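If you count by our numbering, then the sequence shown holds residues 15 to 411, one letter each, in order. Backbone N, C-alpha and C define an ideal beta-carbon position, used for all residues, glycine too. These numbers come from a predicted model, not from an experiment.
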Amino acid sequence: MRYQPGRHFLQIPGPTNTPLAVLAAIAKPTIDHRGPEFGKLGREVLAGIKTIFKTKNPVVIYPASGTGAWEAALVNTLSAGDHVLMFETGWFATLWNKMATRLGIQPEFIDGDWRSGVNADAIEARLREDKAREIKAVAVVHNETSTGVASNIAAVRRAIDKAGHPALLLVDTISSLASIDYRHDEWGVDVTVGGSQKGLMLPPGLSFNAVSDKALAASKKAKLPRSFWAWDEMIAANETGYFPYTPASNMLQGLKVAIEMLHEEGLDNVFHRHDRAAEATRRAVRHWGFEIQCRNPAECSSSITAVRLPEGHSADKLRAEILERCNMSLGNGLGPLADKVFRIGHLGDFHDLMVTGTLSGVEIGLKARGIPHRSGGVDAAVSYLAGNTGALADAAE
Ligand SMILES: *Cc1c(COP(=O)(O)O)cnc(C)c1O
């Protein structure tokens, strides 16, 4: 590979650009994970991460990618043969569904069109039919990273309550946590799954389970085999700030700084910044004359936009051209969307100039590849951003 000058633009929907302060924290010398300095760090990050999930309950931190925390959510709460109700929002919902089957759980998949979010009415209707209470959990993806559709989790909670059903609610927030408002306690979620490499602005390598009292009670009866993922030993050790096995201690140094940065900016300001970037991006895409994969404007994600290219044009060739010319990575289409869509990540550590820089790179690629579009999408984004102030408030929370 020849040297490509200029900073690489990592505009995939995770992993995201890691701020230098976080990288510097990760680069500090490794410490004794059983020593006193670690205990203080452990207590700080275990308390700090609760404020991001908006929970007072334990948050378990694994040295694993998000997929590990998916598995942890299932094996800690369920037994072989249990039914789990899932909703096909896209690629990530499909992978979680496959995992459930492999683990010996029986997932029921409500069909989706990969262009809209979880249909809470369909969840309610299926739960009402389940008189025998075979369904032990409802498992959904908050922000479907393959399509750029964000589902209404509070509505899913209401659907379960209206059906009067005791199922647990498991939610994947890997690409929404710290980018789109999320409330583990208020929305009555039982297990929330998170990852480090998206809104939390860290490299890949940490993942999370926020756990309700109801989920903890279920874990005492659940029979799926578990050892590495077991909550009980983790939570017991975490009480003093330590872990039952070697934690990813350097990543935790980075996590401490990332949490501080999020609070310094203020979580509401962070969400507002993501909303603005997403709106600017959608204005550019519509101006170009392309369709957004998310069909319902109320469900469009604030952390990722999936763009459909007109029939006969390769999204992968466009992405390759942009990488070659502009040193920028964009997300590929996943599963049935391969080569049909490209995905713009606008989450994590970025500002207006990175949003408009990203859109400029796309427009350069469109012109270079002769893909028919209306010129001036970047201007549409610039005008929107210029007329819409960034900050809501100065104060840290
Ligand atoms: C990225 C992502 C995952 C997968 O996480 P890994 O860290 O790749 O294991 C799962 N769900 C969603 C919604 C994601 O965005």
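Would you call residue i buried or exposed, if buried means 16 or more other Cβ atoms sit within 10 Å of its Cβ?
i, result
"Leu-117", "buried"
"Glu-313", "buried"
"Pro-196", "According to the sequence provided, residue 196 is Tyr. The question's Pro does not apply to it. When all chains shown are included, Tyr-196 counts as buried."
"Ala-146", "exposed"
"Glu-377", "buried"
"Thr-76", "Per the sequence shown, the amino acid found at residue 76 is Tyr instead of Thr. Tyr-76 comes out buried."
"Lys-270", "buried"
"Thr-254", "exposed"
"Gln-18", "exposed"
"Ala-410", "Here Ala-410 scores only 45 on pLDDT, less than 50, and its place in the model should not be relied on; the value that follows carries that caveat. Exposed."
"Arg-296", "buried"
"Ala-395", "buried"
"Asn-283", "buried"
Check each candidate in the options and name the one with the smallest Cα separation from residue i.
i, options, result
"Trp-128", "Gly-359, Val-355, Ser-343, Ser-263", "Val-355"
"Arg-99", "Ala-139, Phe-106, Val-152", "One detail in the question is off: residue 99 reads as Leu in this sequence, not Arg. Checked all of Ala-139, Phe-106, Val-152; the closest Cα to Leu-99 is Val-152."
"Gly-391", "Asp-204, Ile-188, Gly-375", "Gly-375"
"Gly-401", "Gly-126, Arg-290, Ser-316", "Arg-290"
"Thr-187", "Lys-234, Ala-94, Thr-159, Gln-267", "Thr-159"
"Thr-260", "Phe-23, Arg-48, Pro-43, Ala-41", "Arg-48"
"Gly-303", "Gly-280, Leu-60, Ile-385", "Ile-385"
"Ile-306", "Asp-227, Gly-53, Gly-347", "Gly-347"
"Lys-150", "Ala-87, Ser-130, Val-163", "Ala-87"
"Ala-320", "Lys-381, Glu-247, Lys-234, Val-163", "Val-163"
"Met-15", "Glu-338, Ala-236, Ala-395, Ala-35", "Glu-338"
"Arg-240", "Glu-85, Leu-34, Asp-363, Asp-393", "Glu-85"
"Gly-345", "Gly-326, Phe-364, Ser-317, His-365", "Ser-317"
"Ala-236", "Ser-93, Gly-20, Ser-397", "Ser-93"
Under the three-state reduction of DSSP, which class applies to residue i: helix, strand or coil?
i, result
"Thr-69", "coil"
"Pro-33", "coil"
"Asn-90", "helix"
"Arg-297", "helix"
"Glu-411", "Its pLDDT being 44, under 50, Glu-411 is placed unreliably in this model, and the value from its coordinates should be taken loosely. In this structure, Glu-411 counts as coil in the three-state DSSP scheme."
"Glu-325", "coil"
"His-277", "helix"
"Pro-50", "helix"
"Glu-148", "coil"
"Cys-314", "strand"
"Met-15", "coil"
"Phe-257", "coil"
"Ala-39", "helix"
"Arg-388", "coil"
"Pro-180", "coil"
"Asn-166", "coil"
"Thr-206", "strand"
"Thr-81", "helix"
"Tyr-76", "strand"
Going by beta-carbon coordinates alone, are residue i and residue j separated by less than 7 Å?
i, j, result
"Val-89", "Leu-238", "yes"
"Trp-245", "Val-74", "yes"
"His-360", "Ala-292", "yes"
"Val-225", "Asn-31", "no"
"Ala-250", "Leu-399", "no"
"Ala-232", "Gly-213", "no"
"Gly-95", "Ile-273", "no"
"Thr-44", "Asn-264", "yes"
"Asn-111", "Phe-123", "yes"
"Gln-120", "Thr-372", "no"
"Ser-190", "Asn-157", "yes"
"Pro-324", "Gln-211", "no"
"Val-154", "Val-170", "yes"
"Val-36", "Gly-208", "no"
"Asp-199", "Thr-108", "no"
"Ala-168", "Gly-219", "no"
"Arg-357", "Pro-27", "yes"
"His-179", "Glu-148", "no"
"Asp-353", "Ala-334", "no"
"Ala-78", "Ser-221", "yes"
"Gly-126", "Thr-103", "yes"
"Lys-228", "Asp-204", "yes"
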